[in-house]
Every structure is written in structure tokens, then in C-alpha cells.
Amino acid sequence: EPEVTQTPSHQVTQMGQEVILRCVPISNHLYFYWYRQILGQKVEFLVSFYNNEISEKSEIFDDQFSVERPDGSNFTLKIRSTKLEDSAMYFCASRKVSGANVLTFGAGSRLTVL
Amino acid sequence: AQSVTQLGSHVSVSEGALVLLRCNYSSSVPPYLFWYVQYPNQGLQLLLKYTSAATLVKGINGFEAEFKKSETSFHLTKPSAHMSDAAEYFCAVSDQDFGNEKLTFGTGTRLTIIP
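Quick note, the sequences are listed as chains B and R, same order. Per this note's numbering, residue 295 is the first one in the first sequence, and the count goes up by one each step. Per this note's numbering, residue 219 is the first one in the second sequence, and the count goes up by one each step.
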């Protein structure tokens, strides 16, 4: 069964450093998402991406965050200058245009900011 | 704004017993409702979804959920728990927006199965 693949599975970084989390969505999917889950809290929507541009973003997704699809297969989330409160599990998801409302999630990337 | 509330962050049941995980939703428009499961070190896997067809929805691994509009609930059940059901379960809601799906999740319920 097709999967969404995320790397790294766990990254530890110092506060203020840049981090890039990578995702390979399912190949025929056209909508891409990032969600995050701070330990003990809800899974929260960060951003959705379609046709090479952001279609919606939450208030969490401030200027420190960016997304891109650099090569037609990878979908990345960049955090420019990490803060302690960015420590969380970050989930990538993708969806077909048709067969709506069903997102396929990756296993997540755990980010720890020290 | 839409939201879901999951009652009980931890639920423990004996193997073979009924599993009941509670979810209540709030939505100003007819909702689409989902249950996702997360096994250790894995992603969120769709268990089942309600999209305004039958109110009793059957999913994978013997789980089912019933949409009750009068109670704004979408509780997840399984008649007989198995050890492999131990996982974290998330209820989620979205509006009927085919153009830009966005899920709002509950806080999750960790299910423990007692041998």
C-alpha cells in the first residue's frame, strides 16, 4: 500500500538553528499538509499546499515556517530559527483531488529543540 | 469553528471486553467525521469515516462508529478487544470542503488492553 514517508524520524537541534523536515507524499496525490502535535496536546493543522502554493495556513504557521516542493516529489517544512516551543511531532499528509476527505499521514518527525 | 472533544485521555479494557471511545463534535455545518489510530512509532491510520451516508459506519479491524446528530456524538466501538488494539485513537472533524480538506483533531485517547 502506498505510504507517505517522512525523514528524519527524530531530530535534536539547538534553539535558533534552522531545521528542514522532509516528506515524500504518495505519488498521485496533489494536496499536501503539515500537522504537528506537541506532547500531550492535540494534533494541530499547520498548512496545506496545492498547485505549488499555500492554500491555507493556521496562525501557528508564522514567518518562521515555510514549505516548498522543490523537485516534484519532496515536500519540505522549514523552521528558520527554532524555539523551545517548536518541539513537537510533525506529521506530513497527502490527499488525492478526488476521493475527497481522506488524508494519508506519514509516521511523523519528532523535533526536539534544546 | 469546528471542534471535537474526546472524553477520557486513557481507557483500559480487558481483552475480549467491549471497547467504547467517546467523541463529541461541534460544527456549524454538516460535518465529516473520522477516527484515526496511531500505533507506536507509526503514522495516523484512517479507521473509518462518516460522510453523510449511513449513520453506522464500519471500519477496519472490527471497529465501528455511529453518528448521532441529536447527541452530536461519533463514538467508536468494538465488541471484543484484542491485544493488538492497544494504540492511540484520534477523532477528527472537517467541513464539507472538497477543495481544501482540513482536519481538526481531538486530544486523543490512549487505549490499553489488559490481558
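The beta carbon of each residue, even a glycine, is placed where N, CA and C say it ideally should be.
Subject >> Residue-level contact to chain B via CB, Gly-261/R, 7 Å cutoff >> reply: Chain B contact via Cβ: present.
Subject >> CB contact below 7 Å: Phe-323/R versus chain B >> reply: yes
Subject >> Simplified DSSP state of Met-301/R, which is helix, strand or coil >> reply: DSSP places Met-301/R in helix when its eight states are reduced to three.
**OP:** With a threshold of 16 other CB atoms inside 10 Å of the CB of Arg-374/B, please say whether the residue is buried or exposed.
**Re:** Counting of Cβ neighbours within 10 angstroms places Arg-374/B among the exposed residues, the total staying below 16.
**OP:** Could you check the C-alpha separation between His-293/R and Gly-234/R for me, to the nearest Å?
**Re:** Their backbone Cα atoms lie some 19 Å apart in a straight line.
Original post:
Can you name, in chain order, every residue of its own chain whose Cβ lies under 6 Å from the Cβ of Gly-310/B, other than the five neighbours on each side?
Top reply: So the qualifying residues of the chain are Ser-375.
Subject >> The beta strand (DSSP E) enclosing Glu-284/R, as first and last residue numbers >> reply: 282 to 286
Original post:
Taking the C-alpha atoms as reference points, what is the distance between Pro-249/R and Asn-242/R?
Top reply: 12 Å
Original post:
How close, in whole Å, do the beta carbons of Pro-310/R and Tyr-257/R come, if the pair is a contact with beta carbons under 8 Å?
Top reply: The sequence shown places Ala at residue 310/R, rather than the Pro named in the question. No, Ala-310/R and Tyr-257/R are not in contact; Cβ-Cβ is about 17 Å, not under 8 Å.
**OP:** Answer yes or no: does any C-beta atom of chain B fall closer than 7 Å to that of Lys-276/R?
**Re:** no
**OP:** Pick helix, strand or coil for Ile-331/R, following the three-state DSSP scheme.
**Re:** strand
**OP:** Label Glu-335/B either buried or exposed according to how many other C-beta atoms from any shown protein chain fall within 10 Å of its C-beta, with 16 as the threshold for buried.
**Re:** Here residue 335/B is Gln; the residue named in the question, Glu, does not match the sequence. Classification of Gln-335/B: exposed, given that the 10 Å Cβ count is below 16.
**OP:** Specify the secondary structure class of Ile-373/B as computed by DSSP and reduced to three states.
**Re:** Of the three classes helix, strand and coil, the one that applies to Ile-373/B here is strand, per DSSP.
Subject >> Delimiting residues of the beta strand (DSSP E) encompassing Glu-289/R >> reply: Run containing Glu-289/R: none; DSSP gives neither H nor E here.
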